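Undergrad: I'd like to ask you about the structure that follows.
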Amino acid sequence: MKKEKPFEIRFASLEVGLHQFSFDIEENFFVEMNSAEITSGRLKVNIEFMKEDNLLVLEFRIDGSVNTICDRCSDLLELPVNSNNRLIVKFGEKIYEETDEIIVIPEKENTIDVAPYIFEYIHLQLPQRKVHVEADCDPETIERLNGLNGKVNNEETIDPRWEALKKLKLDT
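Using our numbering, you'd call the opening residue of the sequence shown number 26 and step up by one each time.
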């Protein structure tokens, strides 16, 4: 017997019309999806599932927050996630190219696993650069980073090797 997946919706037995589904997303979801960016999170996913004779329309509403690593100080960073997304599922052979919003599944299919779509929609909400407000970053890490940039106490220092090279004068 096939093991039922926690994010699988069995639509074959549903009547035509609007249906509601709700999922809670926690740390184990991101572990199972092998997420490298998101370490954990607490999100609520509500799906309005419209079943029609020849297609399905899924409206995803995702609210909550995720934890990731700050790109500046490598400390834990909590980011809010608020997303509305639509997925249209059509039945049949792939006659045309799928889009971000439309997928085609075989007519004999009777379930849809929404986990990959939830995962994708959450990742689409993350900013390209994930950083704390500079005041919230780990001060020790910021001080070390400034030292690598040649700054000590916000004053620029010159590498002594460059200073020695400046004293050399080449006659041309």
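For glycine and all other residues, C-beta sits at the position ideal for the given N, C-alpha and C.
Values in this document were obtained by computation on a predicted structure and should not be read as measured data.
1. State buried or exposed for Gly42, treating a residue as buried only when at least 16 other CB atoms are found within 10 Å of its CB.
2. Is it true that the CB of Leu104 sits closer than 8 angstroms to the CB of Val91?
3. For the beta strand (DSSP E) that contains Phe74, what are its first and last residues?
4. Quick check on DSSP: helix, strand or coil for Arg35?
5. Can you tell me which of the three DSSP states Lys191 falls into?
6. In the segment 89-118, which residue ranges form an unbroken beta strand (DSSP E) of at least 3 residues, counting only runs that do not cross its ends?
7. If you compare alpha carbons, which of Glu168, Asn110, Asn71, Asp161 is closest to His148?
8. Would the beta-carbon of Leu151 fall within 8 angstroms of that of Thr93?
9. In the DSSP output, which residue or residues are listed as bridge partners for Val129?
10. From Glu134 to Met58, what distance separates their C-alpha atoms?
11. Counting along the chain, where does the alpha helix (DSSP H) carrying His148 start and finish?
12. Residues in its own chain within less than 7 angstroms of Cys95 by CB, not counting five upstream and five downstream?
TA: Let me lay it out:
1. exposed
2. yes
3. 63-76 is the span of the beta strand (DSSP E), which, as asked, contains Phe74.
4. strand
5. helix
6. Listed in chain order, they are 101-116.
7. For the set Glu168, Asn110, Asn71, Asp161, the Cα lying nearest the Cα of His148 is the one of Asn110.
8. yes
9. Lys115
10. Here the C-alpha atom of Glu134 lies approximately 23 angstroms from the C-alpha atom of Met58.
11. 140-149
12. Leu102, Lys155, Val156, His157, Cys162
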